[in-house]
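Read through the structure below, which is laid out as structure tokens, and then see the notes.
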Ligand SMILES: Nc1ncnc2c1ncn2[C@@H]1O[C@H](COP(=O)(O)OP(=O)(O)O)[C@@H](O)[C@H]1O
Ligand SMILES: [Mg+2]
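Residue numbers (our numbering), protein chains in the order written: chain A, 2 to 402; chain B, 618 to 856.
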């Protein structure tokens, strides 16, 4: 162990002495490591950003959605479907589930009553689709029993109400014939510039407080049932859901859908490989530069190595010494490269690169580790050749006058 | 001092154990024709002896020194160091023997140019297993011994030739070797510097160090207590 420490100290000493010589090659290695680390990190962080974007639109992996359509007058009543949904959630022990019904509900805005896009959901949807509340809060389970409907609205909705934030209690009349005063508890950003006013409301509250005029027969749309489940159970679960729900509510057409095929490939694989290829090429160039310099240095140091050996340095020690010089050098360069990469990635304004991210991804440790592994590897590879040369030199030739 | 005392002293040397012993050692370099750098040679150097090997350029002096220093291996014959045959020793063992039993002084000094005087001397303690805590103390003591205590942090490049060679001597003796091998130690020195190095050898000899000095200079060779002449790879004791 002390021998190893000694060898490290020796290696560092050598570098200190030949610093100018080595510096240029090391800059190449540092830049290459920075490139590889930065690209890896950016790819990972962008992947996460894309993933989150996707999650907001499509639900997290894997979200299974069940849809049911009444086929005619003799279909089972919608209440039977609701009971069956509750039963399957219980039966399959599904932790994260939400009904999701996109509909239109009239709201009384200062400029008149207008039908407005509403999603009637359960509290779990906030987690399942990473809904980002920028002000106020999302729903919780207790809200189902609230004495008035609660709303989470988008900014366009807020604008139409003539409010700019939620610092004051904000209410709006929901419904047209017998309106009910509903309270805005949370604000989300518009999904795109110029989006129309939209609101989330709890499904149970909406059905309690608002009945559409034409609420009759099979026109009553049924909510989609969304479930966030582990990937390994999806293939097993979906056919069971179809057959069990289909059997429980005769006269309904039941379909399932999962989002596996649409997720995942967040960043095009080819782009990633091209970027890493460029980094690897830069690393190769840096490594070759290092080999070259190490060879020159060894040739210049052959006499010194001969002297050391005449005073008892073993060939193994000489080999390790020369190898470690290279590795110590590239590890230092690698650290510099990783720091550069972190700084570069941090320097990119978050909204530019990761607009609207819920969690700004931290700099991935794995990217830093990959960078350091590359640096160490190139140091070892670049060191092997000169180390071999150093060992093969005969002492009597090395110290010949 | 009486004749009897001298005889007694001489007998004493003969009683001591041989440090190096060559038995029919030859060294041939391959070539067309092969170079017989050293013909079959017998040589015994006992502890405390100061031996000089004198001969013209190309006579095989360095070849002999490299063999004795385990930097090279004989083509034939056996070399015993401290009474133990070395022909079976592997590279690792030979390195260990070089580190602990042998000290070298070269004509061209062979100091590391970017290291201070002290660091150069420390070098020899690293491989010889001197405990880390003692290294500096030992190196400083060795440099004091050669009269360079005031030059510890100097680079060799700013030293005079004599100072450089005395640094090299300090480096050679710091690990307390069994024998000091010097190859033309005064070859690059002016006469004053030569004298300072030779005086140092005399003192080290008086302190009991075994010395083997190789030279082409009869004056240098004359300082030794025992002299051997080498010509065309053949050794001959000078009476
Ligand atoms: N590696 C070698 N290959 C071939 N011939 C060599 C080698 N080393 C020494 N010689 C030859 O051996 C002879 C003795 O050389 P050397 O011991 O260096 O002489 P000295 O030190 O007395 O000047 C010379 O003729 C020299 O050319
Ligand atoms: Mg010579």
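All residues carry an ideal CB built from backbone N, CA and C; glycine is no exception.
What does the Cβ neighbour count give for residue i, buried or exposed, with the cut at 16 atoms within 10 Å?
i              : result
residue 108(A) : buried
residue 125(A) : buried
residue 707(B) : exposed
residue 349(A) : exposed
residue 73(A)  : exposed
residue 258(A) : exposed
residue 1(A)   : Nothing about residue 1(A) can be read from this structure; chain A reaches only from 2 to 402.
residue 92(A)  : exposed
residue 29(A)  : buried
residue 641(B) : exposed
residue 146(A) : exposed
residue 755(B) : buried
residue 809(B) : exposed
residue 636(B) : buried
residue 389(A) : exposed
residue 114(A) : exposed
Excluding the five sequence neighbours on either side, which residues of its own chain have a C-beta within less than 7 angstroms of the C-beta of residue i, listed in chain order?
i              : result
residue 309(A) : 319
residue 765(B) : 734, 780, 783, 784 and 787
residue 666(B) : 630, 827, 842 and 843
residue 99(A)  : 122, 123, 125, 126, 129 and 227
residue 95(A)  : 228 and 230
residue 819(B) : 840
residue 838(B) : 669, 671, 832 and 844
Starting from the beta carbon of residue i, find every residue of chain A whose beta carbon is closer than 8 angstroms, and list them in chain order.
i              : result
residue 729(B) : 305 and 308
residue 654(B) : By Cβ distance, chain A contributes nothing, its closest Cβ being about 11 angstroms from residue 654(B), past 8 angstroms.
residue 829(B) : Within 8 angstroms Cβ-Cβ: nothing; residue 829(B) doesn't reach chain A, min ~15 angstroms.
Please return the same chain residues whose Cβ sits closer than 8 angstroms to the Cβ of residue i, not counting the five positions on each side in sequence.
i              : result
residue 816(B) : none
residue 845(B) : 660, 668, 669, 670, 671, 852, 853, 854 and 855
residue 316(A) : 310 and 392
residue 400(A) : 304, 307, 308 and 311
residue 684(B) : 639, 642, 644, 655, 690, 691 and 696
Show which residues of chain A have a CB atom less than 7 angstroms away from the CB atom of residue i.
i              : result
residue 667(B) : What residue 667(B) touches in chain A: nothing, since even the nearest Cβ is about 21 angstroms away.
residue 745(B) : 313
residue 716(B) : 312 and 313
In its own chain, which residues sit with a C-beta less than 6 angstroms from the C-beta of residue i, not counting the 5 before and 5 after it?
i              : result
residue 343(A) : 364
residue 207(A) : 121
residue 337(A) : 31
residue 794(B) : 718, 719 and 720
residue 97(A)  : 125, 129 and 229
residue 645(B) : 651, 653 and 692
residue 213(A) : none
residue 770(B) : 733
residue 850(B) : 653, 654, 655, 656 and 677
residue 291(A) : 26 and 383
residue 403(A) : The structure shown does not extend to residue 403(A), since chain A is modelled only from 2 to 402, so the question has no answer here.
I'd like to know whether the C-beta atoms of residue i and residue j end up nearer to each other than 8 angstroms.
i              : j              : result
residue 672(B) : residue 678(B) : yes
residue 382(A) : residue 288(A) : yes
residue 152(A) : residue 186(A) : yes
residue 773(B) : residue 730(B) : yes
residue 387(A) : residue 295(A) : yes
residue 789(B) : residue 722(B) : yes
residue 324(A) : residue 9(A)   : no
residue 403(A) : residue 192(A) : Any property of residue 403(A) remains undetermined from this structure, which presents chain A solely from 2 to 402.
residue 210(A) : residue 188(A) : no
residue 255(A) : residue 241(A) : no
residue 763(B) : residue 799(B) : no
residue 334(A) : residue 376(A) : yes
residue 1(A)   : residue 71(A)  : No statement about residue 1(A) is possible, as the shown extent of chain A runs from 2 to 402 and does not include it.
residue 814(B) : residue 738(B) : no
residue 250(A) : residue 77(A)  : yes
residue 43(A)  : residue 346(A) : yes
Strictly below 9 angstroms CB to CB, what residues from chain B border residue i?
i              : result
residue 316(A) : 708, 709 and 712
residue 7(A)   : 743 and 749
I want to verify the contact list: residues of chain B whose CB lies under 7 angstroms from the CB of residue i, in sequence order.
i              : result
residue 397(A) : 683, 688 and 689
residue 400(A) : 723 and 727
Give me the chain A residues within the contact set of residue i, using Cβ-Cβ distance strictly less than 9 angstroms, ordered along the chain.
i              : result
residue 760(B) : Here the premise fails: no neighbours, minimum Cβ distance about 16 angstroms.
Flag residue i as yes when its Cβ comes closer than 7 angstroms to any non-hydrogen atom of ligand 3, and as no otherwise.
i              : result
residue 679(B) : Ligands in the displayed structure: ligand 1 and ligand 2; ligand 3 is not one of them.
Output yes if chain E places a C-beta closer than 8 angstroms to the C-beta of residue i; else output no.
i              : result
residue 740(B) : Structure shown: chain E not included; protein chains present are A and B.
Is the stretch 93 to 112 of chain A in contact with the stretch 280 to 288 of chain A, if contact means three or more CB pairs nearer than 8 angstroms?
no
Within 8 angstroms, do at least three Cβ pairs link the stretch 86 to 98 of chain A to the stretch 157 to 177 of chain A?
no
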